[in-house]
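These notes concern the structure reproduced below.
There are 2 protein chains.
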Amino acid sequence: MAVAAPVRPLNVDTTIAELRKLYGERVSTSHAVREQHGKDISYHEAPLPDAVVFAESAEEVQQIVTLCARLKTPIIPFGTGTSLEGHISAPNGGISLDVSRMNKVLQVNEADLDVVVQPGVTRKQLNEYIRATGLFFPIDPGADASIGGMASTRASGTNAVRYGTMRENVLSLPAVMADGRIVKTARRARKSSAGYDLTRLMVGSEGTFGVITEITVRLYGIPEAASAAVVSFDDIENAVNAVILTIQSGIPVARIELLDEVQIDSVNRYSQLDLTVAPTLFLEFHGTEAGVKEQAERVGEICHEFGGGEFRWATRQEDRNKLWQARHDVAYASKALRPGCKLWPTDVCVPISRLAECIVETKKDLAGSKLIAPLAGHVGDGNFHLVFLLDPDDPAELAEATRLNDRLVHRALAMGGTCTGEHGVGLGKMAFLQAEHGEGLAVMRQLKKALDPQNIMNPGKIFTI
Amino acid sequence: MAVAAPVRPLNVDTTIAELRKLYGERVSTSHAVREQHGKDISYHEAPLPDAVVFAESAEEVQQIVTLCARLKTPIIPFGTGTSLEGHISAPNGGISLDVSRMNKVLQVNEADLDVVVQPGVTRKQLNEYIRATGLFFPIDPGADASIGGMASTRASGTNAVRYGTMRENVLSLPAVMADGRIVKTARRARKSSAGYDLTRLMVGSEGTFGVITEITVRLYGIPEAASAAVVSFDDIENAVNAVILTIQSGIPVARIELLDEVQIDSVNRYSQLDLTVAPTLFLEFHGTEAGVKEQAERVGEICHEFGGGEFRWATRQEDRNKLWQARHDVAYASKALRPGCKLWPTDVCVPISRLAECIVETKKDLAGSKLIAPLAGHVGDGNFHLVFLLDPDDPAELAEATRLNDRLVHRALAMGGTCTGEHGVGLGKMAFLQAEHGEGLAVMRQLKKALDPQNIMNPGKIFTI
Numbered sequence: 013m014a015v016a017a018p019v020r021p022l023n024v025d026t027t028i029a030e031l032r033k034l035y036g037e038r039v040s041t042s043h044a045v046r047e048q049h050g051k052d053i054s055y056h057e058a059p060l061p062d063a064v065v066f067a068e069s070a071e072e073v074q075q076i077v078t079l080c081a082r083l084k085t086p087i088i089p090f091g092t093g094t095s096l097e098g099h100i101s102a103p104n105g106g107i108s109l110d111v112s113r114m115n116k117v118l119q120v121n122e123a124d125l126d127v128v129v130q131p132g133v134t135r136k137q138l139n140e141y142i143r144a145t146g147l148f149f150p151i152d153p154g155a156d157a158s159i160g161g162m163a164s165t166r167a168s169g170t171n172a173v174r175y176g177t178m179r180e181n182v183l184s185l186p187a188v189m190a191d192g193r194i195v196k197t198a199r200r201a202r203k204s205s206a207g208y209d210l211t212r213l214m215v216g217s218e219g220t221f222g223v224i225t226e227i228t229v230r231l232y233g234i235p236e237a238a239s240a241a242v243v244s245f246d247d248i249e250n251a252v253n254a255v256i257l258t259i260q261s262g263i264p265v266a267r268i269e270l271l272d273e274v275q276i277d278s279v280n281r282y283s284q285l286d287l288t289v290a291p292t293l294f295l296e297f298h299g300t301e302a303g304v305k306e307q308a309e310r311v312g313e314i315c316h317e318f319g320g321g322e323f324r325w326a327t328r329q330e331d332r333n334k335l336w337q338a339r340h341d342v343a344y345a346s347k348a349l350r351p352g353c354k355l356w357p358t359d360v361c362v363p364i365s366r367l368a369e370c371i372v373e374t375k376k377d378l379a380g381s382k383l384i385a386p387l388a389g390h391v392g393d394g395n396f397h398l399v400f401l402l403d404p405d406d407p408a409e410l411a412e413a414t415r416l417n418d419r420l421v422h423r424a425l426a427m428g429g430t431c432t433g434e435h436g437v438g439l440g441k442m443a444f445l446q447a448e449h450g451e452g453l454a455v456m457r458q459l460k461k462a463l464d465p466q467n468i469m470n471p472g473k474i475f476t477i
Numbered sequence: 013m014a015v016a017a018p019v020r021p022l023n024v025d026t027t028i029a030e031l032r033k034l035y036g037e038r039v040s041t042s043h044a045v046r047e048q049h050g051k052d053i054s055y056h057e058a059p060l061p062d063a064v065v066f067a068e069s070a071e072e073v074q075q076i077v078t079l080c081a082r083l084k085t086p087i088i089p090f091g092t093g094t095s096l097e098g099h100i101s102a103p104n105g106g107i108s109l110d111v112s113r114m115n116k117v118l119q120v121n122e123a124d125l126d127v128v129v130q131p132g133v134t135r136k137q138l139n140e141y142i143r144a145t146g147l148f149f150p151i152d153p154g155a156d157a158s159i160g161g162m163a164s165t166r167a168s169g170t171n172a173v174r175y176g177t178m179r180e181n182v183l184s185l186p187a188v189m190a191d192g193r194i195v196k197t198a199r200r201a202r203k204s205s206a207g208y209d210l211t212r213l214m215v216g217s218e219g220t221f222g223v224i225t226e227i228t229v230r231l232y233g234i235p236e237a238a239s240a241a242v243v244s245f246d247d248i249e250n251a252v253n254a255v256i257l258t259i260q261s262g263i264p265v266a267r268i269e270l271l272d273e274v275q276i277d278s279v280n281r282y283s284q285l286d287l288t289v290a291p292t293l294f295l296e297f298h299g300t301e302a303g304v305k306e307q308a309e310r311v312g313e314i315c316h317e318f319g320g321g322e323f324r325w326a327t328r329q330e331d332r333n334k335l336w337q338a339r340h341d342v343a344y345a346s347k348a349l350r351p352g353c354k355l356w357p358t359d360v361c362v363p364i365s366r367l368a369e370c371i372v373e374t375k376k377d378l379a380g381s382k383l384i385a386p387l388a389g390h391v392g393d394g395n396f397h398l399v400f401l402l403d404p405d406d407p408a409e410l411a412e413a414t415r416l417n418d419r420l421v422h423r424a425l426a427m428g429g430t431c432t433g434e435h436g437v438g439l440g441k442m443a444f445l446q447a448e449h450g451e452g453l454a455v456m457r458q459l460k461k462a463l464d465p466q467n468i469m470n471p472g473k474i475f476t477i
């Protein structure tokens with residue numbers, strides 16, 4: 013159950029009526045549609061939007077934003093609804109602007125290793141579309157998220173250690189800003205020093221400045237050779253230390269992921285695997301045949317040094333896909349550990365030198381709690397996740413998760429880390445931004461006020477104004 | 013000769029008097045010091061600052077900015093004065109804030125592959141300092157620029173094709189903003205989704221938001237093996253096409269630089285080399301012994317396919333250094349081609365698929381002109397430079413350079429490129445930003461007004477308010 017908005021926006025009925033005149037059946041106020049658009053898979057209890065409108069072009073997005081700006085009605089951009097911190101909820105009410113039908117790949121620039129997509133294109137759809145080109149798009153949050161949503165939350169995933177996050181991989185985007193203007197953030201050149209970095213201003217802004225209507229992202233050649241391996245450790249500190257030494261040695265691993273024993277147990281059950289129930293690294297190497305072999309040998313030696321077991325290899329594409337799909341399905345696997353539970357996923361990121369300590373202390377907290385919370389992470393970046401599995405009817409469990417999450421975030425901040433490595437702020441991490449950014453948060457508010465003085469773009473996310 | 017400011021800022025004498033009370037001899041109004049701080053090596057004729065103050069700590073920077081803010085006196089941050097588009101000039105008068113004495117490396121985090129430096133640390137100084145760690149900082153504009161200045165102009169250099177630019181390599185920085193607040197843009201974690209990307213907002217902002225007082229940048233392991241090679245081509249289009257195919261093949265070259273025949277001639281003379289006077293690529297490969305060999309073989313095949321000659325190898329560190337120092341000295345080498353000339357360096361960047369066409373058309377323009385302008389470029393990024401060699405006493409030459417530069421920039425823009433890949437806007441590229449960014453330029457102005465409402469931070473650069 014999502015809670016009701018405290019106050020309906022003043023002109024929302026007029027806005028809905030005007031939208032209906034323009035878009036007819038493509039405007040919905042049904043509870044089911046609003047719930048599907050206002051509730052993500054997380055624990056957040058937040059109000060639903062008052063209506064949903066399905067846009068089919070940049071021109072329509074511009075028309076909708078202009079209309080809402082005139083009537084001061086909040087707009088919540090919506091891609092696939094797979095964000096994890098309540099980004100799509102409507103604490104101030106308003107209109108969910110669904111861009112999922114804007115799902116065309118517009119231009120594949122093979123020669124330039126980039127592609128222009130509409131915001132509703134999902135990461136899997138894109139990779140399917142470009143398969144024949146020999147190129148791929150590496151950013152892979154767990155869900156099959158939309159590229160627009162991924163840009164908005166500055167998403168990353170398992171490949172970020174090698175290929176970067178959305179921060180590094182968005183070349184340019186046009187967006188409809190809060191006043192209805194269309195702004196293109198940059199040209200398609202790989203680099204530029206021509207003024208402020210509007211691209212990076214929009215990436216990670218969680219829809220609080222405008223609605224992204226197109227995105228140009230970087231592509232990479234599918235490596236000549238790739239192989240994946242799984243290796244388990246007796247204790248989690250050793251596993252993390254193997255990761256740290258790998259990164260410090262500058263070995264260009266494509267993926268280096270940690271799953272704790274609780275997570276491995278869940279993955280074995282959910283994805284029909286038979287992995288040793290122990291702290292485990294999932295690894296992938298990309299390169300030439302010789303390069304992959306060389307990297308694998310060096311990482312093998314490092315893992316051995318820290319007491320890691322034998323590598324279990326997955327070299328065939330289908331075996332690699334099975335392994336990584338299992339990794340991407342950890343949220344569902346976690347949920348299945350406790351039928352009927354609801355999830356509270358959280359993530360932090362710390363300098364890698366502090367990662368082992370951060371994870372060990374976090375595991376101690378969990379050992380002293382009755383809550384179950386599998387741990388998995390993009391540990392090559394210093395980034396890891398917990399997913400608390402909560403009884404939806406037990407406020408004590410929510411309180412306990414709140415306590416543990418607070419401790420986790422403050423631990424990460426004390427280590428020079430951040431309250432979220434890749435999920436974004438949404439509603440869930442708002443309380444920590446003052447501690448993380450200090451005066452920087454005031455600067456963020458100034459930017460928001462400059463570009464959205466009416467506070468209509470996804471209001472009540474990142475910060476309240 | 014630099015020209016006088018049209019109007020002295022209202023309170024500048026009071027500002028200078030108050031600065032003198034605080035900093036005594038560290039405030040200078042001598043013409044020689046002002047000229048050294050207001051004139052870069054480029055052709056720009058712009059007013060000098062009214063005074064120069066040498067800051068020695070972040071606290072002093074904060075005190076100076078607060079004082080100037082109270083008196084509405086413009087501040088022009090100054091590092092080494094090696095920028096190329098008039099960034100350090102004072103079109104509105106004011107105080108040059110020299111941070112070159114803030115030149116300490118504060119904290120080398122070997123385990124995290126990052127380092128915290130004061131803004132006056134130069135790139136060579138940093139690499140010298142960290143040599144024993146086995147790490148290096150790859151960003152290398154031609155000059156031995158300060159890291160603060162490099163962050164401010166979003167600098168790159170020869171290694172950007174492999175290691176990125178300042179955009180990707182600044183992790184975090186504190187700055188004194190226009191109102192005297194100190195703002196830290198981010199934590200030291202490798203990635204974060206915790207709100208707006210203030211780091212990227214500051215990187216490339218050319219001192220128009222605040223004064224950077226510290227910078228955390230990424231470091232990389234010195235590769236196990238490295239080798240450099242030189243290969244010449246019969247025509248420039250073939251050379252560029254070899255670059256394009258190399259990039260498209262995903263070969264992780266560390267450096268791939270083009271010098272045209274005019275530039276090679278200059279480099280031979282200035283750096284005592286004996287290269288074939290022809291369009292030439294300077295290449296470098298980083299990796300393991302086997303990886304370097306493999307990359308070199310593949311690039312060798314590609315160059316051969318496009319009619320490239322034999323590779324001339326430089327594998328010993330001293331030979332590689334000599335080669336790259338020659339590359340970095342192209343501005344001086346160019347200047348020596350025409351004794352007494354002044355330089356007008358310019359750069360553009362285009363999607364790599366258009367690079368050959370852009371360079372060929374630009375060379376045609378030059379062939380039809382009496383001006384000499386050697387061409388060199390970080391062609392792996394689609395970025396190249398011309399340096400016009402001008403008679404300082406001949407306005408016709410300045411007019412001709414203006415014409416050719418306009419054509420170059422509009423050609424790049426028409427190809428989806430940018431008016432500057434790495435030099436920045438300063439004064440020199442201001443006229444092109446409307447054509448490049450359209451409404452985006454209005455957004456940049458809004459950001460500037462929000463964060464510097466008095467327009468005291470490096471006013472008259474990037475845009476006029």
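Note that the protein sequences, when read in sequence, are chains D and E.
Reminder that position 330 of the first sequence reads as 342 in the working numbering, one-by-one numbering, no gaps.
Reminder that position 126 of the second sequence reads as 138 in the working numbering, one-by-one numbering, no gaps.
Every residue, glycine too, gets a C-beta built ideally from N, C-alpha and C.
Values in this document were obtained by computation on a predicted structure and should not be read as measured data.
Taking the C-beta atoms as reference points, Glu226 (chain E) is found nearer than 8 Å to Pro186 (chain E). Bounds of the beta strand (DSSP E) holding Ser184 (chain E) are 182-184. DSSP assignment within the stretch 352-415 of chain D yields the following whole beta strand (DSSP E) runs of 3 residues or more, N-terminal first: 354-361, 387-390, 395-402. Counting only the Cα atoms, Phe318 (chain E) lies some 45 Å from Val188 (chain D). Comparing alpha-carbon positions, the option among D:Phe148, D:Val437, D:Val128 lying closest to Lys136 (chain D) turns out to be D:Phe148. Taking CB atoms only, Ser108 (chain D) has no neighbour in chain E less than 8 Å away.
The criterion of a C-beta distance shorter than 8 Å is not satisfied by Asp393 (chain E) and Cys353 (chain E).
Looking from the CA of Asn470 (chain E), the closest CA among E:Leu398, E:Gly219, E:Leu453, E:Gly450 belongs to E:Gly219. Two segments are said to touch when three or more pairs of C-beta atoms, one from each, lie closer than 8 Å; by this definition the stretch 60-71 of chain E touches the stretch 27-42 of chain E. Using a Cβ-Cβ cut-off of 8 Å, Cys370 (chain D) does not count as an interface residue toward chain E, since no Cβ of chain E sits closer than that to its own.
Uninterrupted alpha helix (DSSP H) stretches at least 4 residues long and entirely within the stretch 60-102 of chain D occur at 70-83, given in chain order. Chain-order list of chain E residues neighbouring Leu463 (chain D): Val455, Gln458, Leu459, Ala462, by C-beta distance under 9 Å. Put simply, the backbone Cα of Thr258 (chain D) is about 26 Å away from that of Asp286 (chain D).
The stretch 366-374 of chain E makes contact with the stretch 422-429 of chain E: 3 or more CB pairs, one atom from each, lie closer than 8 Å.
In the DSSP assignment, Ala187 (chain E) is bridged to E:Val195, E:Ile224.
As a beta-bridge residue in DSSP terms, Ser244 (chain E) pairs with E:Thr292. Nearest neighbour of Asp52 (chain D) by Cα position, chosen from D:His422, D:Leu439, D:Arg457, D:Lys461, turns out to be D:Leu439. Secondary structure of Ser40 (chain E) (DSSP, three-state): strand. In this structure, DSSP gives Thr170 (chain D) a state outside helix and strand, which the three-state scheme calls coil. Only Cys361, Val362, Pro363, Ile364, Ser365 from the stretch 358-392 of chain D bring a Cβ to less than 8 Å from some Cβ of chain E. The beta carbon of Tyr175 (chain E) does not come within 8 Å of any beta carbon belonging to chain D, so the residue lies off that interface. Where Val133 (chain D) is concerned, there is no enclosing beta strand (DSSP E), because DSSP gives it neither an H nor an E. Secondary structure note for Asp110 (chain E): its beta strand (DSSP E) is the uninterrupted segment 107-110. Under the three-state reduction of DSSP, Met162 (chain D) is assigned to helix. In the DSSP assignment, Arg200 (chain D) falls outside any beta strand (DSSP E), carrying neither H nor E.
Nearest CB-CB separation between Asp209 (chain D) and chain E: below the 8 Å threshold. Exclusion of the five residues before and after Ile268 (chain D) leaves Val173, Val255, Thr258, Leu293, Leu295, Val391, Gly392 as the residues of its chain whose Cβ lies within less than 7 Å of its Cβ. The secondary-structure analysis by DSSP pairs Val120 (chain E) across a beta bridge with E:Val127. Beta-bridge pairing by DSSP links Ser278 (chain E) to no other residue. Listed along chain E, the residues sitting closer than 8 Å to His435 (chain D) by beta-carbon distance are Ser205. For Gly452 (chain D), the C-beta contacts it makes with chain E under 9 Å involve Val195, Lys196, Thr197, Ala198, Gly207, Tyr208, Leu210, in order along the chain.
For Glu434 (chain E), no beta strand (DSSP E) encloses it, and the DSSP letter there is neither H nor E. The criterion of a C-beta distance shorter than 8 Å is not satisfied by Ala379 (chain D) and Leu398 (chain D). When DSSP states are grouped into helix, strand and coil, Ala238 (chain E) belongs to the strand group.
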